[in-house]
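First the structure, in the form of structure tokens, and then the observations on it.
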Amino acid sequence: FIRCSASSFAGGGFPPFRAMGQVFASLFNKKPACDIYVDIENAQPSEREAKTYGEVKKVLVDNEKVMKLIVDYKGCQKLCQQAMQEPSPETELAAFEGLLKTIDSIQKIHLHSKALGDAAKLLLQALGRDDTKQTLEDQEALVKQFGDMLVFVVDFDQKRLECPQLSNDFAFYRRLLPKFPKHPDLKVKAEEASSMALFTAKSFPMISALSSATSECMDSNDQVLPMIGTMANACYNMLSKKSFEKGETNLFLAKAMTGAIVLYDNVSDSGVFVRSSHVQIKDAIKLLKKDFSENPYLLNAIRYFTKHFRNDCPSNIQALFD
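Counting the sequence shown from 1 gives a position; the numbering used here is that position plus 6.
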């Protein structure tokens, strides 16, 4: 078990009541047990997991196709620029028809984010139980699926950051939409476009979708947040103990750990960087810095995809990123 060490009171540094508070903090704010081994290379669903596993699999199977949409996204920058610089019915129609192809991709991405949120709720309810350690070890296939989900959101949102044109394309599409409401190839109409606007404006939309779904689960299940912390710690534990030989497996664990850290911070009121957090955050950052230096976007994800890094992260933890 990993314990959160109490601060030293030697020399009367704290008044008695504060010292007592520190003692209680050390007793009740322990990190969840991370001595967990999950055979993610060979995990198969048990009878207990089968129903949830099957439902989640229907969503995760589209991860690769959706990832390809963002990787291959070309946008419609030239046609849009021409329509803005030389507005005319002809240039605007050309831009609108060019945008229709990109909007189809954006719509598929948006729909997948909603499906991912629904699948996350199924996983979180199944894994968020009182005995988190035993629950995770008994449901290896669901843990692997949760890892797949975390890896996907980290990878997707990293690519999304490299694609700023997507937001501009969608904004211009909405601007032109009232002019071509009866276009024969129109699929995304005004009402759906309005619901997609907030999604396309986000720099890390998949993490936001997963965070929203997680927050909903937390309203009725107080074991969800500790479970996410345990997931991060379990990934760290397997990496630090070198439980697997394959580089591919270890990179999967590093990404899943990063995703769990980011998700934890986005749904926790106090964040992942405080002492009362369930996550071994310092150890995780040091491990990524030491063993995954060729993948700097993992540390960047913790730095930029979290809510609390800029204003609430202690200076000693921020220094680890230098």
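A virtual CB, placed ideally from N, CA and C, is assigned to each residue, including glycine.
Secondary structure at residue i, three-state DSSP: helix, strand or coil?
| i | result |
| --- | --- |
| G2 | Because the chain spans 7 through 328 in this model, residue 2 falls outside it and cannot be assessed. |
| E70 | helix |
| R316 | helix |
| H189 | coil |
| F327 | helix |
| H116 | helix |
| G104 | helix |
| F311 | coil |
| Y270 | helix |
| R181 | helix |
| Q145 | coil |
| Y79 | coil |
| E92 | coil |
| D136 | coil |
Express the C-alpha separation of residue j and residue i in angstroms, rounding to a whole number.
| i | j | result |
| --- | --- | --- |
| Q28 | K288 | Reliability of the predicted coordinates at Q28 is poor, the pLDDT of 37 falling under 50, and the value obtained from them is presented with this limitation in mind. Their backbone Cα atoms lie some 20 Å apart in a straight line. |
| L269 | E300 | 23 Å |
| Y43 | V194 | 46 Å |
| F210 | E96 | 35 Å |
| Q145 | F311 | 28 Å |
| H314 | P190 | 46 Å |
| N306 | K188 | 44 Å |
| Y79 | S173 | 12 Å |
For residue i versus residue j, is the C-beta spacing smaller than 9 Å?
| i | j | result |
| --- | --- | --- |
| C86 | G104 | yes |
| V332 | T264 | Residue 332 is absent from the model: the chain starts at 7 and stops at 328. |
| M224 | L231 | yes |
| F176 | I109 | yes |
| Q286 | A219 | no |
| A262 | G153 | yes |
| K165 | V65 | no |
| Q151 | L122 | no |
(Q) Quick check: the region 267 to 284 against the region 244 to 253, are at least 3 beta-carbon pairs closer than 8 Å? (A) Because the criterion of three Cβ pairs below 8 Å is not met, the region 244 to 253 and the region 267 to 284 do not touch.
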